[in-house]
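The listed protein sequences derive, respectively, from chains A and B.
In terms of numbering that gives the first Met the number 0, the first sequence is residues 0 to 355.
In terms of numbering that gives the first Met the number 0, the second sequence is residues 0 to 355.
There are 2 protein chains.
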Amino acid sequence: MKKTALIMAGGRGERFWPKSRKSLPKQFLSLTDDGRTMIQLTVERIRPLMDLEDIYISTNRAYRGLVMEQLPGIPPENILCEPVGRNTAPCIGLGAVHMAKKYEDALMMVLPSDHLIKYNQMFLNALKDGCGIAQKGKNLVTIGITPDYPETGYGYIKFRPQEADGNAYAVDRFVEKPDVETAKEYLETEEYLWNSGMFIWKVSTILDNMKSMLPDMYDGLFKIAEAIGTDKQEMVLEKVFPELESVSIDYGIMEKAQNIYILPGVFGWDDVGSWLAVERIQKSNERGNVVTGNIITINSKNNIIQGGKKLIAAVGLENLIIVDTEDATLICDKGSTPDIKMVLENLKICNREEYL
Amino acid sequence: MKKTALIMAGGRGERFWPKSRKSLPKQFLSLTDDGRTMIQLTVERIRPLMDLEDIYISTNRAYRGLVMEQLPGIPPENILCEPVGRNTAPCIGLGAVHMAKKYEDALMMVLPSDHLIKYNQMFLNALKDGCGIAQKGKNLVTIGITPDYPETGYGYIKFRPQEADGNAYAVDRFVEKPDVETAKEYLETEEYLWNSGMFIWKVSTILDNMKSMLPDMYDGLFKIAEAIGTDKQEMVLEKVFPELESVSIDYGIMEKAQNIYILPGVFGWDDVGSWLAVERIQKSNERGNVVTGNIITINSKNNIIQGGKKLIAAVGLENLIIVDTEDATLICDKGSTPDIKMVLENLKICNREEYL
């Protein structure tokens, strides 16, 4: 069966301010040593499984230019621009109706555009396994991540170890972000995986599920689908999409659906969730500093410093994140990364749009 | 007797990097809220005692333009440019021979250009007291600062409480920077004052002392004096001055001389010795942050942040000094200010002159 992918690239990436901005979010940034952006790495990663013309990018209209610039091989009609953000269910639905129009049915992989994966071949093997299971009946497949530690920032998925199909297990249930005690219990049972937001299913399967669980959304998507390829395509999208319910695919479908399987993924996954991720993905020097740019460090250790041409001198510093851009500099204690959003709130309140 | 002043403005102010540079040292910067530079404040402070034409500025040739720009009222011939830095004894000697040439004899106040004084009237009273004592015989007068705490970064001067002349005391001896235990003992005796580097004497008195204690220097200065006002002035200065012994006035004269008096100064003196001084001289907000420029602070306290137009966001920071300039940013723990010189050493070694 034809393999396709929908790469979701509509996010704002506020946690990477000041490098990520409204006009240049995280997925369009390079956060690794090799210079390629997150979305470029995402596309290259799955190229062994499919052609560029089978890859769809879902994004905000404002980022169409960035997608075309960074991914020149993707056909322009595969760049699906949402008039407004409506969470993942409408996003995935829009991708599905486009694929249904082109291929009638196909295997659809849903992938975030801003995660990193270290062991590509193992990741491809997991996708292939997932395709095998998704082709059977009306299975919904998700890829879970074997947890390393009791993270409280991710959702978890409980599986049934005794109900295996090849490398996959039947899903028992999706659970919200736990507190740390609950997360520890999850790890001890060895029956929980992190929810990575990666899915595989047939286009027909996900649309069937939408029809039964999100019927209004399905009707809306059907109207949009009818207009694809006509001169009314943009107009209908513009009118109908904003009216779709804003709901996640997890809440709208996965938490209620049957026939869900999960593949435990062990391929060096990293969701690059904050500046702290930089020290996991870039090399540090002998004092634990991870530096990029024109930097002098004196008696400083375990800092993340992202500069450019401007000289940054760090003297006697420990456990700081320093990010310098043309018009703004962030200096943040490693323990305070969640508070970066307070900077953005402050900027919004003061109408300082130029920094957002 | 005619009152004159020599303001010493040849210093480099490396401790205020990156704002102070070779091309713009500390005395030419504004570090207070009111916008005037250190040297401008120094001149304005003594204006009630003398005219601008009686004020001399000793500086490095590279700073002549800055002096003329910041102090347009000072006669150009009063700007004494040293071909090379030779410590304070030759600097003061050069000032003295210029004054001797113009006034024959006069009262000469020697003042640093980069200190701050809070209570100006009390400072002027001290200078007037000092002039009274310096006029008698061959007295050398220095102004000491009543110590607040056992500072180890200053020299101390021991006086004899029983030998008073008005508000002044006879000096027992000059002592080098002590260790902290010794400094504590000094404070307990109440017979030691901080050496502020401010002096008052007659031009004839200091030249007489030079003649007996630094005869080679005196001879050199005499040659320079003979050429003042002739077309050979610059040539002789250029030839003779670099050959003068590089020695401080403290070591060369004050530690050996007789008839030294000291006036205890209580006028809110601050030598503005490092970035830490900024929190003494500028207002802090309710969380103890002292900020200038385009700054957002989130959960941050007791920081000194000197920015400009560029946005600086400080998140979860404590006890840091952040100084942003056009081409360089310093981020330094408050406990590490002495290590700022290591940044400069690093830049020198790497021939990165543009940042010095």
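Every residue, glycine too, gets a C-beta built ideally from N, C-alpha and C.
The CB of threonine 291(A) never comes closer than 7 Å to any CB in chain B; the least such distance is about 14 Å. In the displayed model, methionine 49(B) falls within coil according to three-state DSSP, outside both helix and strand. By the neighbour-count criterion, in which 16 or more other beta carbons inside 10 Å mark a residue as buried, glutamine 26(A) falls on the buried side. Taking 7 Å as the threshold, the shortest C-beta distance from methionine 253(B) to chain A does not fall below it. Contact of alanine 276(B) with chain A by beta-carbon distance below 8 Å is absent, the smallest such distance being about 17 Å. Close to cysteine 90(A), with beta-carbon spacing below 8 Å, lies no residue of chain B; the smallest spacing is near 31 Å. In this structure, alanine 167(A) places its C-beta atom within 7 Å of the C-beta atom of leucine 262(A). For asparagine 208(B), the uninterrupted alpha helix (DSSP H) segment begins and ends at 202-212. At a C-beta separation below 9 Å, glycine 272(A) has no neighbours in chain B, since its nearest C-beta there lies roughly 16 Å away. Under DSSP, alanine 99(A) takes part in no beta bridge, so it has no partner. Under the Cβ criterion of 7 Å, valine 179(B) is not counted among the residues facing chain A. Counted as a single uninterrupted DSSP element, the beta strand (DSSP E) harbouring isoleucine 144(B) occupies residues 139-144. Counting only Cβ-Cβ distances below 7 Å, glycine 315(B) has contacts in chain A at Cys331, Asp332, Gly334, Ser335, Asp338, in chain order. Leu106(B) is the residue among Ser19(B), Ile73(B), Leu106(B) whose C-alpha sits nearest the C-alpha of lysine 2(B).
C-alpha of methionine 234(A) to C-alpha of asparagine 208(A): approximately 27 Å in a straight line. Listed by position along chain A, the residues whose Cβ is nearer than 7 Å to that of leucine 206(B) form an empty set, because the closest Cβ is around 44 Å away. In the DSSP secondary-structure assignment, glycine 264(B) is bridged to Ile144(B). Within the stretch 27-77 of chain A, the complete beta strand (DSSP E) segments at least 3 residues long are 54-59, listed from N- to C-terminus. From the listed residues Ser335(A), Ile321(A), Leu310(A), Gly143(A), the smallest Cα separation to glutamate 325(B) is found for Leu310(A). A buried status is given to leucine 316(A), since no fewer than 16 other beta-carbon atoms sit within 10 Å of its beta-carbon. Glycine 84(B) sits away from glycine 165(B), with the two beta carbons spaced by 7 Å or more. Under DSSP, the beta-bridge partners assigned to aspartate 323(B) are Thr328(B).
Across the structure, glycine 152(A) and glycine 143(A) are spaced so that their CA atoms are roughly 15 Å apart. Under the three-state reduction of DSSP, alanine 105(A) is assigned to coil, being neither helix nor strand.
When the alpha-carbon of glutamine 39(B) is set against those of Glu52(B), Ile6(B), Arg11(B), the nearest one is in Ile6(B). If you check the CB distance, proline 149(A) and lysine 183(A) come in under 7 Å. Cα atoms of alanine 4(B) and proline 241(B): separation of roughly 24 Å, rounded to the nearest angstrom. Taken atom to atom, the span from the alpha-carbon of lysine 21(B) to that of cysteine 80(B) is near 16 Å.
Bounds of the alpha helix (DSSP H) holding arginine 279(B) are 277-280. As DSSP reads the structure, valine 271(B) sits in no beta bridge. Per DSSP, the unbroken alpha helix (DSSP H) holding leucine 343(A) starts and ends at 339-348. In the DSSP assignment, leucine 110(A) forms a beta bridge with Ile6(A).
In the structure shown, lysine 300(B) adopts extended strand secondary structure according to DSSP, grouped into three states. Contact between phenylalanine 198(A) and valine 277(A) does not hold, since the beta-carbon distance rounds to 28 Å and is not under 8 Å. Our two residues, serine 273(B) and glycine 92(B), have alpha carbons roughly 28 Å apart in a direct line.
The beta carbon of asparagine 345(A) falls within 7 Å of a beta carbon belonging to chain B, placing the residue at that interface.
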